[in-house]
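**Q** The structure follows.
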Amino acid sequence: MKSATKKSIQNNHADDYDPDSMIKFIDNVLNSTLDDFITIENNTVNLTELSRFNNNHFAPRILSLVKLEPFKFVKFNLKRPCLLWPDTFSCTKIGCNIQFCDRSELPKEYLGKCCFFGGIFFSTNFNSFFKPKAFDENCPTDSPKELSKLDQTLQQNNVQELNRLFECSRDDSEQSQYYDLVRNPERFTGYDGNQIWRAIYEENCFSSTKKHPQNNNILSLINTNSNDKFGCYEEYFFYRILSGLHTSITIHLTAIHHKFDNHFGPNPKDYYKRFYGMWWDCHADYLKNLFLTYLIELRALYRIRPYLLDKIQWNLIGDQVQAKDAINALLSTERLFRWHFDEKLLFKRQSIAERLGYVFNNVTFNIMDCVSCDKCRLWGKVQTNGLGTAFKIMLTKDMEKLRLSHHEITCLLNAVGRLSFSITQLVNFREIFERERMTGTNGFNNNNNNNRMDDKNFVGSFADFIK
203 MKSATKKSIQ NNHADDYDPD SMIKFIDNVL NSTLDDFITI ENNTVNLTEL SRFNNNHFAP
263 RILSLVKLEP FKFVKFNLKR PCLLWPDTFS CTKIGCNIQF CDRSELPKEY LGKCCFFGGI
323 FFSTNFNSFF KPKAFDENCP TDSPKELSKL DQTLQQNNVQ ELNRLFECSR DDSEQSQYYD
383 LVRNPERFTG YDGNQIWRAI YEENCFSSTK KHPQNNNILS LINTNSNDKF GCYEEYFFYR
443 ILSGLHTSIT IHLTAIHHKF DNHFGPNPKD YYKRFYGMWW DCHADYLKNL FLTYLIELRA
503 LYRIRPYLLD KIQWNLIGDQ VQAKDAINAL LSTERLFRWH FDEKLLFKRQ SIAERLGYVF
563 NNVTFNIMDC VSCDKCRLWG KVQTNGLGTA FKIMLTKDME KLRLSHHEIT CLLNAVGRLS
623 FSITQLVNFR EIFERERMTG TNGFNNNNNN NRMDDKNFVG SFADFIK
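Residue numbers (my numbering): 203 to 669.
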């Protein structure tokens, strides 16, 4: 989904940007802190140090782990109807098509029992807070063909294992399908997600008396300069977390942008247009929110370390030795992590937990159902599910009673992996701008092999960006 930005930013002479200004902009972000919001005992959340921890230690491990079979498959029903506005699944572009594997075609012996990590499946029934609304959203006329198409190819020997893990998923239905996230990487598709982001920001209020700006300026909805704009502390916090997710997804699309002949790579011009423009300070806050969301999901992951190491039924998951070693390696980074905080201080009202459940149900099962780009819908559901799982973990007081499904753990790992990748791209884009400053060139150069990333191998080359 494309970042929601004003047209004035998009037309702000992106071809004439100054690489030196972009270098200073990124340096300003990395030299800032999150001390205005999160209190870390005996520590300062310096973003340079946090970025270095991520790039040198966490990112190589998480980006390698999510390519393993136990953690790269998800199960979703991407054919649920949109209930918020007229059905958007009418796009006739080739890039909007999807080929799926019909469950009826699978051998009966491949359908097994459901197994959940920890032995018990925990879920809560949520009711929708949404009523249908009249919005228009047309398929973008300039979307590159094939960019949003999903690859649903599955090896037959994976099906039995996947059914055992996902058969009782909350999202399970006859229309649910398995998706290989490595085969369906998140990247630029040309989809315009302004309406989706507007719905996410405007509809998920914590107070029924909440008043939003009357205009359609999404920037005003996520401006982080005023606590009063969002009322209570928890709501202000929640909007910053959503802003961090929004920022992360935007970075993915600028870092893995369509170039030519199915090649993808970083687009510094698009990065400038989305994050610099004419509101320098405001967009710096968006990037700071990325680190805040990263901290939240990372805290949740570290909090379930005993759960992952002691309660997981590893014998149900493919190469159990490889999977457990990868989890161990990932969680070992906690000894280098210095930014722990008390999650109890973030949510002081008990009612906030129930409200968060409703909010994430709305986002994942209502708003995301209205995304008309298949690949965007898939990754939107993965990342919002992952964030919802993180909040579930953070709000659990008695960790002995916590129960997580395979689906929840997979989404959390992939969600934090996407945030981690986004942070690596700050350094990557800075290096690109530095090269442009040295050579006197700028923009999106399709002939620059240094910025080229083959579609076939780009997942494996994530770590190449890490310095």
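Each residue gets a CB set at the ideal place from its N, CA and C atoms; glycine is no exception.
For residue 619, which of helix, strand or coil comes out of DSSP?
**A** helix
**Q** Let me know the secondary structure DSSP gives residue 386 once reduced to three states.
**A** coil
**Q** Rounded to the nearest angstrom, how far is the Cβ of residue 505 from that of residue 595, given a contact under 8 Å?
**A** 6 Å
**Q** To the nearest angstrom, how far is the alpha carbon of residue 258 from that of residue 569?
**A** Computed Cα separation, rounded: 35 Å.
**Q** So which of 282, 231, 643, 621 has the shortest CA-CA distance to residue 496?
**A** For residue 496, the closest C-alpha among the options 282, 231, 643, 621 is that of 621.
**Q** Is DSSP giving residue 430 helix, strand or coil here?
**A** Its pLDDT being 45, under 50, residue 430 is placed unreliably by the model, and nothing is read from it.
**Q** Could you tell me the alpha carbon to alpha carbon distance between residue 588 and residue 226, rounded to whole angstroms?
**A** Near 33 Å, if we compare the C-alpha coordinates of residue 226 and residue 588.
**Q** Using the Cβ count rule (16 or more neighbours within 10 Å means buried), how would you classify residue 603?
**A** exposed
**Q** DSSP three-state label for residue 377, please.
**A** coil
**Q** Would you tell me roughly how many angstroms separate the C-alpha atoms of residue 585 and residue 638, rounded to the nearest one?
**A** 33 Å
**Q** What do you reckon, are the CB atoms on residue 502 and residue 614 nearer than 8 Å?
**A** yes
**Q** Got a sec, what are the start and stop residues for the beta strand (DSSP E) residue 277 sits in?
**A** 275-278
**Q** One question on the structure: do residue 270 and residue 528 come within less than 8 Å of each other, judged by their Cβ atoms?
**A** yes
**Q** For the segment 533-547 against the segment 278-287, are there 3 or more C-beta pairs whose distance is under 8 Å?
**A** Touching, no, given that fewer than three Cβ pairs across the two stretches are closer than 8 Å.
**Q** The beta strand (DSSP E) with residue 466 in it runs from where to where?
**A** 465-467
**Q** Does DSSP put residue 269 in a helix, in a strand, or in coil?
**A** Reduced to three states, the DSSP call for residue 269 is coil.
**Q** Which residue marks the beginning of the alpha helix (DSSP H) containing residue 232, and which one marks its end?
**A** 221-232
**Q** Is it buried or exposed, residue 642, if we count other Cβ atoms within 10 angstroms and call 16 or more buried?
**A** exposed
**Q** Under 8 Å between the Cβ atoms of residue 609 and residue 277?
**A** yes
**Q** Kindly list the residues whose CB is nearer than 6 Å to the CB of residue 581, restricted to its own chain and excluding five residues on each side of it in sequence; keep chain order.
**A** 388
**Q** Out of curiosity, what's the CA-to-CA distance linking residue 401 and residue 280?
**A** About 19 Å.
**Q** Could you check which residue in 473, 268, 397 has the C-alpha nearest to that of residue 384?
**A** Closest in C-alpha terms to residue 384, from the list 473, 268, 397, comes 268.
**Q** Please check if any C-beta of chain C sits within less than 8 Å of the C-beta of residue 589.
**A** Checking the listed chains, one finds no chain C in this structure; it contains a single protein chain.
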